[in-house]
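Written out below as structure tokens is the structure these notes cover.
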Amino acid sequence: ATEPLPDSLFDDIGLNHGMTFSDFRSLVIYGQRTADNRIAFGGRGAPYHFGSRIKQSYDRVPAVFSALEHTLKEMFPPLASASITHTWGGVLGVPRDWHASVTFDENSGIGRAGGYVGDGVGLSHLAGLTLADLIAGEPSARTELPLVGHQSPQWELEPLRYLGATAAITGVGVADYIESKTGRPSLVSRLIAPLTGH
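The sequence shown begins at 995 in our numbering and counts up by one.
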């Protein structure tokens, strides 16, 4: 997140309070103007770790933070001298088919919602309402959604999972670079689409 910024700067870049933004690059980025006049900005790009290992140290990848800062300032040149005051990271859970799901087992009383793949702000709210309907036993338009009862396939075993994830992360970076230079969708994007949920 940036330092608090003056209203005049937001007037220059055309970003009103609460507005969110993204673009069409393959390596997803997203941002929002916050209530205290910062820009909270994030994206993907951290490496996958063999065996789906999780460590707190993996959440803080300086190269990813640097790349995100560069992207933000490239998108909004008036931010060139703005300081980044907060950085954070975390695990992104990705179902094999990139499909969210909500399930509820009436016999055990166990419910589950997840697989948002970075769309959790809005989708987790919908999933929560859907799970509440399922728990209450109340049929609704939500309980008819394709995510209800969806079962994603299992990921491939290692080392195939590592190779595929690493190829996808590298590939989206290459695709974005090519597309930024040519202004056209790249062959790389089409080749890696099965690995990236597109």
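Cβ atoms here follow ideal geometry from the backbone N, Cα and C, with glycine treated the same way.
Non-local C-beta neighbours of G1025 in its own chain, meaning closer than 6 Å and more than five positions away in sequence, comprise F1015, I1033, F1035, ordered along the chain. Annotation for F1098: G1105, L1125, L1128, I1129 place their beta carbon closer than 7 Å to its own, counting only its chain and skipping 5 residues before and after. Cβ-Cβ distances below 7 Å link E1063 to I1078 in the same chain, with the five nearest sequence neighbours on each side left out; the list follows chain order. Around the Cβ of V1115, a 10 Å sphere holds fewer than 16 other Cβ atoms; the residue is exposed. Beta-bridge partners assigned by DSSP to G1025: F1015, F1035. Boundaries cannot be given for D1091, as no beta strand (DSSP E) includes it and DSSP labels it neither H nor E. Between V1088 and G1103, the C-beta gap is not smaller than 9 Å, which leaves the two residues out of contact.
When F1018, H1011, S1046 are compared, the shortest CA-CA separation from M1069 is found for F1018. Distance between A1169 and I1007, taken at the CA atoms: about 27 Å.
In this structure I1186 is not in contact with A1159, their Cβ atoms being roughly 11 Å apart against a cut-off of 8 Å.
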